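Colleague: Here it is: the structure, laid out below.
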Amino acid sequence: MKILKFGGTSVGSAERMKAVSDLIQSEEPKIVVLSAMSGTTNALVQISEALYQNKNKEANALIDALHDKYKQVVEELYKTDEKKKQARELIDQHFESIRAYTLDLFTIHEERAVLAQGELLSTALFQFFLEEQQIPSVLLPALNFMKIDENEEPDAEYIAQHIRKELDKYAGTNLFITQGYICRNTFGEIDNLKRGGSDYSASLIGAAVDATEIQIWTDIDGMHNNDPRIVKDTYPIAELSFDEAAELAYFGAKILHPSSVLPAKHKNIPVKLLNTMQPDAKGTTISSETEGGAMKAVAAKDGITAVKIKSGRMLLAYGFLRSVFEVFERYKTPIDMITTSEVAVSLTIDNPKFLNEIVSELMEFGQVEVDENQTIICVVGDSIADKSGTSAKIFQSLSDIPLRMISYGGSKNNISLLIDTQDKVKALTLLNEGIFERNSPNA
Ligand code: ADP
Ligand code: ASP
Ligand code: MG
Numbered sequence: 166m167k168i169l170k171f172g173g174t175s176v177g178s179a180e181r182m183k184a185v186s187d188l189i190q191s192e193e194p195k196i197v198v199l200s201a202m203s204g205t206t207n208a209l210v211q212i213s214e215a216l217y218q219n220k221n222k223e224a225n226a227l228i229d230a231l232h233d234k235y236k237q238v239v240e241e242l243y244k245t246d247e248k249k250k251q252a253r254e255l256i257d258q259h260f261e262s263i264r265a266y267t268l269d270l271f272t273i274h275e276e277r278a279v280l281a282q283g284e285l286l287s288t289a290l291f292q293f294f295l296e297e298q299q300i301p302s303v304l305l306p307a308l309n310f311m312k313i314d315e316n317e318e319p320d321a322e323y324i325a326q327h328i329r330k331e332l333d334k335y336a337g338t339n340l341f342i343t344q345g346y347i348c349r350n351t352f353g354e355i356d357n358l359k360r361g362g363s364d365y366s367a368s369l370i371g372a373a374v375d376a377t378e379i380q381i382w383t384d385i386d387g388m389h390n391n392d393p394r395i396v397k398d399t400y401p402i403a404e405l406s407f408d409e410a411a412e413l414a415y416f417g418a419k420i421l422h423p424s425s426v427l428p429a430k431h432k433n434i435p436v437k438l439l440n441t442m443q444p445d446a447k448g449t450t451i452s453s454e455t456e457g458g459a460m461k462a463v464a465a466k467d468g469i470t471a472v473k474i475k476s477g478r479m480l481l482a483y484g485f486l487r488s489v490f491e492v493f494e495r496y497k498t499p500i501d502m503i504t505t506s507e508v509a510v511s512l513t514i515d516n517p518k519f520l521n522e523i524v525s526e527l528m529e530f531g532q533v534e535v536d537e538n539q540t541i542i543c544v545v546g547d548s549i550a551d552k553s554g555t556s557a558k559i560f561q562s563l564s565d566i567p568l569r570m571i572s573y574g575g576s577k578n579n580i581s582l583l584i585d586t587q588d589k590v591k592a593l594t595l596l597n598e599g600i601f602e603r604n605s606p607n608a
């Protein structure tokens, strides 16, 4: 069984959906995971924001505009009047259910139900298209098997058991379609795997069914060595290890959801990143086999807050760091980077929700300084920290940029630096010029 996930742009128009149906034609058994059509989840977020603020007129205008877009897709996607009628009825139902939320109290529960509509629509429309083309397939409702637990972590055992149950209902079927991103939470309510979560769905489903391969089809030819939205002259990387890919995803490479590599790594299932616009391009293969010791890629993660605790009590003391970490643990706030000296410890977090509470508890240990608007730059490569000359190249490239923290040696695959967000574009550009060998054999 293979898993093929198609992102928003890949199903973003009637034409793109037709192209996807060409890409899934082979006989081998597969589960196709679809995102919402591009722009839809953003529009649903906007609608929800308007509803939270009781701006119902604005919400209705946004709903009408999105509905019109889908009416157009229906006209373009189907040939027969019968399918057009069926699809029109389907989208009308979905938009009626969204409009119903303008009539009553709007809370996070309603928001999650609204956000789920994008994937429900794209998969249903695609399934109708396959039916019209007489391609046998079954639409599997992700809400019957994708589940997160009380810590908002996927419940792998539940997912494996329940997807198996669904698949067993359709012996002899080789093509399944399902929704990315959406799931149920521990209360059985509709929830989601956070923005970009369809990649995570694909990986979780792959691990649940012991897939032979997970393919992430998107709008670019694989993981590039740097953020192509910011830097010119980036190139795709042919091979990455699970750890390298996981670090790039976690530290900001938008092509993959931050957690999406882990389920595949856990089951040792290769992940391929492929381009729907250029299906023959090699893309990136993520697996346990990796080569080279070169610096492979750079990623940047914004929205970081640095917290520094200065305390004379640290000197020659033990147990100090544990007490500091316990504060973060109490507020379920993960720490990304840490550096320590004799009298101070600096840490970074990406979730400032409990920052005030954390800071007031930390003040019991000493003086606390907080810096917001920070960015982690993460340089990734195989055994990068073992290779002589690597760090020199990085620091030479960034000699003009103030470095707030440096993390080296924590993982052999990565060197991380903390900078002010206003220096990010410059830092990524300088690293692109300074640390990669052009015509890398990997490129
Ligand atoms: P999808 O809708 O298919 O999930 P995304 O927009 O989530 O697509 O991810 C693909 C985009 O990720 C690319 O178009 C590119 O702009 C962006 N991106 C950011 N960093 C990288 C990188 N290092 N390599 C490739 N793409 C990247
Ligand atoms: N549709 C969701 C989003 O836009 C999930 C995804 O595309 O992966 O975030
Ligand atoms: Mg994505």
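In our numbering, the protein residues as written are 166 to 608.
Even for Gly, the Cβ is constructed at its ideal location relative to N, Cα and C.
Please read these numbers as outputs of a predicted model, since none were measured by experiment.
Alpha carbon to alpha carbon, what distance is there between ASP246 and ASN607?
Modeller: Note on ASN607: pLDDT 45, under 50, position unreliable in the model; no value is reported.
Colleague: In whole angstroms, what is the alpha-carbon distance linking ALA336 and ALA403?
Modeller: Those two C-alpha atoms are separated by around 36 angstroms.
Colleague: For GLY345, I'd like the list of residues in its chain whose CB is within less than 7 angstroms of its CB, leaving aside the five on either flank, ordered along the chain.
Modeller: Excluding positions up to five away in sequence, the list reads LYS170, VAL198, LEU199, SER200, GLU284, GLY362, SER363, SER366, ALA367.
Colleague: Indicate the three-state DSSP secondary structure (helix, strand or coil) for THR441 in the structure shown.
Modeller: Correct three-state label for THR441: coil.
Colleague: Any contact of the segment 546 to 561 with the segment 571 to 580, i.e. 3+ C-beta pairs under 8 angstroms?
Modeller: With the cut-off at 8 angstroms, the segment 546 to 561 and the segment 571 to 580 touch.
Colleague: In the DSSP assignment, find the alpha helix (DSSP H) that holds GLU296 and state where it starts and stops.
Modeller: It spans 282 to 297 - the alpha helix (DSSP H) in which GLU296 sits, taken as one unbroken run.
Colleague: Pick out whichever of ILE385, LEU527, GLU456, GLU494 has its Cα sitting closest to the Cα of ILE549.
Modeller: When only C-alpha atoms are compared, the closest one is GLU456.
Colleague: Which runs of the beta strand (DSSP E) at least 3 residues long sit entirely within the segment 322 to 377? Give them in chain order.
Modeller: Qualifying beta strand (DSSP E) stretches, in chain order: 340 to 344, 347 to 349, 355 to 357.
Colleague: Specify, as a first and last residue, the run of the beta strand (DSSP E) that THR206 falls within.
Modeller: Taken as a continuous stretch (DSSP letters only), THR206 belongs to no beta strand (DSSP E), being part of the alpha helix (DSSP H) at 205 to 217.
Colleague: Following the continuous alpha helix (DSSP H) through ASN597, name the residue where it begins and the one where it ends.
Modeller: First-last of the alpha helix (DSSP H) with ASN597: 589 to 599.
Colleague: Let me know if THR383 comes out buried or exposed under the rule of 16 or more other beta-carbons within 10 Å of its beta-carbon.
Modeller: Result: buried.
Colleague: Return the CA-CA distance between ALA179 and ILE196, expressed in angstroms with no decimal places.
Modeller: C-alpha separation (whole angstroms): 21 angstroms.
Colleague: For the alpha helix (DSSP H) containing VAL489, name the first residue and the last one.
Modeller: Here the alpha helix (DSSP H) through VAL489 covers 485 to 495.
Colleague: Could you check how far apart the C-beta atoms of THR441 and ALA184 are, in whole angstroms? I think they sit under 8 angstroms.
Modeller: With 8 angstroms as the limit, THR441 and ALA184 qualify as a contact, their Cβ atoms being about 6 angstroms apart.
Colleague: According to DSSP, what are the bridge partners of SER178?
Modeller: For SER178, which the question treats as bridged, DSSP gives no partner whatsoever.
Colleague: Where does SER525 fall in DSSP's three states?
Modeller: Reduced to three states, the DSSP call for SER525 is helix.
Colleague: Please confirm whether GLU409 and VAL545 have their CB atoms less than 8 angstroms apart.
Modeller: Yes; because the gap between Cβ atoms is below 8 angstroms, this pair is in contact.
Colleague: Just the Cα atoms here: how many angstroms apart are ALA373 and PRO567?
Modeller: One C-alpha to the other measures close to 45 angstroms.
Colleague: Tell me, to the nearest whole angstrom, how far the beta carbon of PHE118 is from that of ARG478; I am working on the premise that it is less than 8 angstroms.
Modeller: This structure leaves residue 118 out entirely; the chain is present only between 166 and 608.
Colleague: Tell me whether GLY177, by its Cβ, gets closer than 7 angstroms to a heavy atom of ligand 3.
Modeller: For ligand 3, not one heavy atom lies less than 7 angstroms from the Cβ of GLY177.
Colleague: Rounded to a whole number of angstroms, what is the C-alpha to C-alpha distance between ASN604 and TYR400?
Modeller: Reliability of the predicted coordinates at ASN604 is poor, the pLDDT of 47 falling under 50, and no value is obtained from them.
Colleague: Report, in whole angstroms, the separation of the C-beta atoms of LYS167 and GLN380, which I expect to be a contact under 8 angstroms.
Modeller: Right, the Cβ-Cβ distance comes to about 7 angstroms (below 8 angstroms), so this counts as a contact.
Colleague: Contact between the segment 462 to 473 and the segment 524 to 540: three or more CB pairs below 8 angstroms?
Modeller: As far as the Cβ criterion goes, the segment 462 to 473 touches the segment 524 to 540, which means the pair count is three or higher.
Colleague: Quick one: Cα of GLN237 to Cα of ILE514, how far?
Modeller: Going by the C-alpha atoms only, they are around 44 angstroms apart.
Colleague: Is ASP364 near ligand 2, judged by its Cβ being under 7 angstroms from some heavy atom?
Modeller: Yes; taking the cut-off as 7 angstroms, the Cβ of ASP364 has a heavy atom of ligand 2 nearer than that.
Colleague: Given this structure, state the Cα-to-Cα distance separating SER476 from PRO499, to the nearest angstrom.
Modeller: Each residue's alpha carbon lies about 22 angstroms from the other.
Colleague: Any heavy atom of ligand 3 inside 7 angstroms of the beta-carbon of GLY546?
Modeller: Checking every heavy atom of ligand 3 against the Cβ of GLY546, none is found closer than 7 angstroms.
Colleague: Between LEU290 and TYR235, what straight-line distance do the alpha-carbon atoms span, to the nearest angstrom?
Modeller: Cα-Cα distance, rounded: 10 angstroms.
Colleague: Do you know how far the Cα of HIS422 is from the Cα of LEU304?
Modeller: Going from the Cα of LEU304 to the Cα of HIS422 covers about 24 angstroms.
Colleague: Mind checking who GLN532 pairs with in its DSSP beta bridge?
Modeller: Answer by DSSP bridge pairing, in chain order: LYS475.
Colleague: Going by C-alpha to C-alpha distance, which of GLU322, ALA446, GLN292, TYR266 sits closest to LYS249?
Modeller: The candidate whose alpha carbon is nearest that of LYS249 is GLN292.
Colleague: Spatial neighbours of VAL524 within its chain, please: C-beta separation below 8 angstroms, excluding the five flanking residues on both sides.
Modeller: Cβ neighbours of VAL524 beyond the five flanking positions: VAL472, VAL533, VAL535.
Colleague: So if DSSP puts PHE519 in a beta bridge, which residue, or which two residues, is it bridged to?
Modeller: Answer is none; PHE519 lacks a bridge partner.
Colleague: Using only the heavy atoms of ligand 2, determine whether one of them is closer than 7 angstroms to the beta carbon of THR288.
Modeller: Not under cutoff, so the answer is no.
Colleague: Can you tell me the Cα-Cα spacing of ILE434 and SER424, whole angstroms?
Modeller: Roughly 15 angstroms between the two C-alpha positions.
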